[in-house]
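Counting the sequence shown from 1 gives a position; my numbering is that position plus 3.
Beta carbons: idealized from backbone N, C-alpha and C, even for Gly.
Quantities reported herein were computed from a predicted structural model and do not represent experimental measurements.
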Amino acid sequence: MPFPLEKLKLLANECGFELAGAIPAAPLPEAEFYRQWIQQGMAAGMTYLSGHRADLRDDPRALLPSARSVISVGKLYNTPPRSGTGDVGPQVGWISRYAWSRDYHRILRHDLNLLIDKLKLALGQPFEWKICVDTAPLLERACAYRAGLGWIGKNSCLIHQGTGSWHFLGEALVSFDIEPGEPPPSRCGSCTRCIDACPTRAIVPSGRPDGPPFTVDSRRCLSYLTIELRDSVPEALRGGMGNHVFGCDICQDVCPWNRRAPVTSDPAMAPRLAPAGLSEYVTQDFHQAFQGTPVLRARYGGFLRNVAIAMGNSGFESFREPLRQLAASAIPLVAEHAAWALRKLG
């Protein structure tokens, strides 16, 4: 008999996960769409998503040959204050909500290990397992969707009817059978708020009648431009970045399913930072200010590049002096974008 799904959900909830489900460890139908997405160049410069690691995503058993089930969990990261991208002025540099607390990889791995320990006691026999959080070559959202955690919205986020889309996803591959969940129907309907609100038009038609109707072109996505891109931001997209210095959130802020999204009570997810004034980002010690948070992913030069763009977009003359300092930077990437921002200020 497979391990009961409801028992899994109960144990996962005890470990701090609001959502949980499971699917058989087998090839995923979404792998074909993922390969097409890569071939169309929509992964941009994220080479870790392509190459031989792309093929590994076809079947979870590539990560654990003995795997029989994939456990998928969701952890709420929505925290107070509830302010969103539209609630701060252009003099404040927006940092995506997911980066306000300490690095989520450690939090999810810790809680998934707790879940494995509980499953060992509940099952009463040894089994093999592998924990995956974000960095493993696994189609996380496809696993979560098929396990019943939510549907994949037009903005490519997993959306749960009761708790919205503010969730971190994690997985545990295990060598025993678990009663599988059921994928829910999409409830986006005719809503296009996320598509209409995206300032760089990154949410595009997928062109696949047998797959999701929309997808995200990373080449235009603010999260890619401010976090993953290591080179210059295309000039045509700089204006659309507004005051975003790390990540985005716009497509989640406008989503109707997030209107009543609950906030997490987990102290591990308590905010360690919040969006601050752009001038403050120029003078602070980058590594000290963001130690232990995902913001370090952008790297020092990339972060100051984003700050310079945000200052130029603000239109405030008060940023002329800090921009002159950045234009004199020894980092060419920073100097280039600061010079652009000074020209934009006139």
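Extent of the continuous beta strand (DSSP E) to which residue i belongs
i	result
P27	22-27
V207	206-208
V236	Element bounds for V236: n/a, residue is neither H nor E.
W132	132-135
V91	Unbroken run through V91: none, as it is neither H nor E.
Three-state secondary structure (DSSP) of residue i
i	result
V285	helix
T218	strand
I119	helix
V310	helix
F319	coil
A65	helix
R327	helix
S226	helix
T82	coil
P129	coil
P30	coil
T138	coil
G304	helix
Q291	helix
T296	coil
D114	helix
A46	coil
D213	coil
A70	coil
A273	coil
R105	coil
P5	coil
Residues that residue i bridges to, as DSSP identifies them
i	result
A279	G96
V76	A23, G173
H247	W97
Sub-7 Å separation of residue i and residue j beta-carbons
i	j	result
W183	A25	A quick correction: the sequence has Pro, not Trp, at residue 183. Their beta carbons are under 7 Å apart, which means P183 touches A25 by this criterion.
V95	P278	yes
D58	P30	no
C258	C197	yes
V219	I206	yes
I155	P215	yes
R327	L348	no
G19	D114	yes
W260	I110	no
P274	S104	yes
G173	V76	yes
L276	V310	no
T267	L79	yes
G243	P202	yes
V325	I181	Rather than Val, the amino acid found at residue 325 in this sequence is Pro. Not a contact, by the Cβ cut-off of 7 Å.
A102	P297	yes
P186	R149	yes
S53	A46	yes
V136	R100	no
I312	H290	no
I253	T138	no
S332	S178	no
R308	V337	yes
A175	W132	yes
F36	Y107	no
S221	Y227	yes
A28	L11	no
G315	A344	yes
R38	L142	no
W97	N246	yes
W169	A264	yes
Where the alpha helix (DSSP H) through residue i begins and ends
i	result
W40	33-42
V266	Where V266 is concerned, there is no enclosing alpha helix (DSSP H), given that its DSSP letter is neither H nor E.
V337	335-348
D252	Premise fails: D252 is in no alpha helix (DSSP H) and is neither H nor E.
A15	8-17
_Which complete beta strand (DSSP E) runs does the stretch 145-204 hold, if anything under 3 residues is left out?_
170-177
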